[in-house]
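The structure appears right after this line, and notes come after that.
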Amino acid sequence: MPLLWAANIIVCELLLVRAFIAACRWPHISRHDWMWIPWRWVPSEVHMLVIADPQLTDEYSYEQEPGLLLALTELFSDIYMKRNFRLIQQLMRPQFVMFAGDMMDGGREWKDAAFNRELKRLGDVFQRLDSSTVTVGVPGNHDIGFGDNVINYAYERYLLNFGRLNSVFDIGEHFVILLDTVSLSSIRQTPASKRARDFMDSYELPPQRLAGRTILLTHVPLYRPGDVDCGPRRRSPPIANRAGYQYQNLIQPALTQEILKKFRPDIIISGDDHDDCVYSHVIGNHTVVEHTIGTFSWLQGNPYPSFGVMSLRPTFAEPLSPLSPTFELKVCSLPPQMYIYFWYIALLVFSILWIARSSIISPYHFEPVSATDPDDVEIGAAGVSSSLSLLQQHKQPGRPLRRPRSRPALRRTCFLIDGGFWSAFFRGLALMVLPNLAIYIGFLLFYYKPNFSLYY
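The sequence shown runs -19 to -1, 1 to 437 under mature numbering (1 follows the signal peptide of the UniProt record, and there is no 0).
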């Protein structure tokens, strides 16, 4: 039984996640892996990792009071994301990491001291293994609020710690637009919405040589009808156009059209919904596909977390074929950690039943012969011969002869073995739990070294 548990922990916590990530491959859109430009070799593709809604679990997630349960919830949430992010970096080596918002669950609510503590948590989880990896992103409604209710001090604090919220980057000769749509959705003018509006009004289309290479990142998905199909990866109902306290599921139709016409993106990447969705917007005779990426966390309502991998081909790289695009996005799955824990619970129940069964003694239990035992009975000559034969069979060196107990006493002690059923049961349970608990704690320590790295 201990070996069965050890094998399950190794498979579920070490091999399974590696299998999931190893099954994910960068889209291949160039003929060669490397290209020669004057005096140096450079990769022919730029690889960008896309992460949406890590939303660090905290006391705002499930309205938990601070205590042991909340601490364990945060720990196992952080370990899952840190392990996966670390392995993605080791196995896939992205050059850029793009976050689609909602970094913390209660980010907009925290006062400065608590926010700084959560910021350190965030740095521990998303620690860069390669200092040359560049990270960019947009804020989410859990970070700063939404629309008219954007919290100004949370907005300024996010701007201070994470950098510009509206900007354009040249990544692999592609225009990557980061648009703060949660602030832009405000009906009245606020400092946050004014910055987003000024950025939008001043935007100029990229030069002709980079036409067809515009990528738009927004936290909230753009508008679409509520009954559209989201593709085969989606497990929840289509995205509905709903709104409530500090959230709105979709950018409203008028602003959606304004964004599409102004930026004319060739692909849109969004988050917020926590589930995967693919939808095609039409702008005149131009069609643009929007990919909504599922949450990176296993504790945010989707038992099947995911992430995106995107390849960008610079202009100098030779395409794989004449029709190969200059970019391609693929969505990959992460292990369903919730079901792994359900499996552990089922295995624990099976183990307890197995140990209990093994701790119950055989009905042939013997006790030392006592001349004054009230349960003794007189037996005839044939009985003496039979009893002596039976006693000889159960005689052990250094121990007194034993004889079968009478039935009432047998029923009273049939669960006793060398000190009792419970001592045997807990001894077996300890032999199973302690070694495997040590193995599991070893995995936790390996994946959750408390290192801090400010990654924006």
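Heads up, the beta-carbon is just placed ideally off N, CA and C, and yes, glycines get one too. Predicted model, so just to flag it, every value in this text is computed and none were measured.
Helix, strand or coil at residue i according to DSSP, with G and I counted as helix
{"i": "Thr296", "result": "coil"}
{"i": "Tyr136", "result": "helix"}
{"i": "Leu(-4)", "result": "helix"}
{"i": "Gly225", "result": "strand"}
{"i": "Gly289", "result": "strand"}
{"i": "Asp399", "result": "Caution is warranted here: a pLDDT of 47 is assigned to Asp399, below 50, making its placement in the model unreliable, and the coordinate value is therefore given only provisionally. Reduced to three states, the DSSP call for Asp399 is coil."}
{"i": "Tyr204", "result": "coil"}
{"i": "Pro246", "result": "coil"}
{"i": "Leu328", "result": "helix"}
{"i": "Val23", "result": "strand"}
{"i": "Ser164", "result": "helix"}
{"i": "Ile(-10)", "result": "helix"}
{"i": "Ser339", "result": "helix"}
{"i": "Ser368", "result": "Caution applies to Ser368, whose pLDDT of 48 falls short of 50 and renders its modelled position unreliable; the value that the coordinates give is listed next. In the structure shown, Ser368 sits in a helix (DSSP, three-state: H, G or I)."}
Start and end residues, alpha helix (DSSP H) containing residue i
{"i": "Asp59", "result": "49 to 73"}
{"i": "Ser183", "result": "172 to 183"}
{"i": "His123", "result": "122 to 125"}
{"i": "Asp105", "result": "93 to 106"}
{"i": "Glu271", "result": "Run containing Glu271: none in the alpha helix (DSSP H); it sits in the beta strand (DSSP E), 267 to 273."}
Residues that DSSP places opposite residue i in a beta bridge
{"i": "Gly87", "result": "Looking at the DSSP assignment, Gly87 forms no beta bridge with any residue, so it has no partner."}
{"i": "Gly118", "result": "Phe80"}
{"i": "Asp151", "result": "Phe156"}
{"i": "Ser314", "result": "Ser287"}
{"i": "Thr276", "result": "Ala33"}
{"i": "Trp(-15)", "result": "Paired residues: none, contrary to the question."}
{"i": "Ile240", "result": "Paired residues: none, contrary to the question."}
{"i": "Met16", "result": "Val23"}
{"i": "residue 439", "result": "Outside the displayed range of the chain (-19 to 437) lies residue 439, so it cannot be described from this structure."}
Cβ-heavy atom distance, residue i to the ligand HEM, below 7 angstroms
{"i": "Tyr228", "result": "Within the structure as shown, the ligand HEM is missing, as the structure has no ligands at all."}
Among the options, nearest to residue i - alpha-carbon criterion
{"i": "Pro8", "options": "Gly128, Tyr320, Pro300", "result": "Pro300"}
{"i": "Ile232", "options": "His123, Ile69, Thr162, Gln36", "result": "Thr162"}
{"i": "Asn230", "options": "Ser166, Asn65, Arg67, Leu50", "result": "Ser166"}
{"i": "Val259", "options": "Asn222, Gln238, Pro202, Pro303", "result": "Pro202"}
{"i": "His272", "options": "Pro75, Asp256, Pro284", "result": "Asp256"}
{"i": "Phe150", "options": "Val131, Gln170, Arg194", "result": "Arg194"}
{"i": "Phe1", "options": "Arg64, Leu51, Leu(-17)", "result": "Arg64"}
{"i": "Ile264", "options": "Ile274, Asp247, Phe277", "result": "Asp247"}
{"i": "Gly252", "options": "His200, Pro188, Phe277", "result": "His200"}
{"i": "Ser112", "options": "Ala(-13), Phe77, Ile250, Ser217", "result": "Phe77"}
{"i": "Pro218", "options": "Ala224, Asp208, Ala411", "result": "Asp208"}
{"i": "Gln238", "options": "Tyr228, Ala224, Arg205, Ala221", "result": "Arg205"}
First through last residue of the beta strand (DSSP E) which encompasses residue i
{"i": "Val157", "result": "155 to 160"}
{"i": "Tyr260", "result": "258 to 264"}
{"i": "Thr195", "result": "195 to 199"}
{"i": "Val31", "result": "27 to 32"}
### Query
Are there three or more Cβ pairs, one per stretch, closer than 8 angstroms when the region 284 to 303 is compared with the region 25 to 33?
yes
### Message
Across the region 210 to 218 and the region 181 to 190, are there enough close Cβ pairs to call them in contact, namely three or more that are closer than 8 angstroms?
### Response
no
### Message
Quick check: the region 306 to 325 against the region 280 to 289, are at least 3 beta-carbon pairs closer than 8 angstroms?
### Response
yes
### Task
Check whether the region 77 to 96 touches the region 121 to 134, counting contact only when three or more Cβ pairs, one atom from each stretch, lie closer than 8 angstroms.
yes
### Message
Does the region 55 to 62 come into contact with the region 87 to 98, if we say contact requires no fewer than three beta-carbon pairs (one atom in each stretch) closer than 8 angstroms?
### Response
no
### Message
Quick check: the region 269 to 284 against the region 67 to 76, are at least 3 beta-carbon pairs closer than 8 angstroms?
### Response
no
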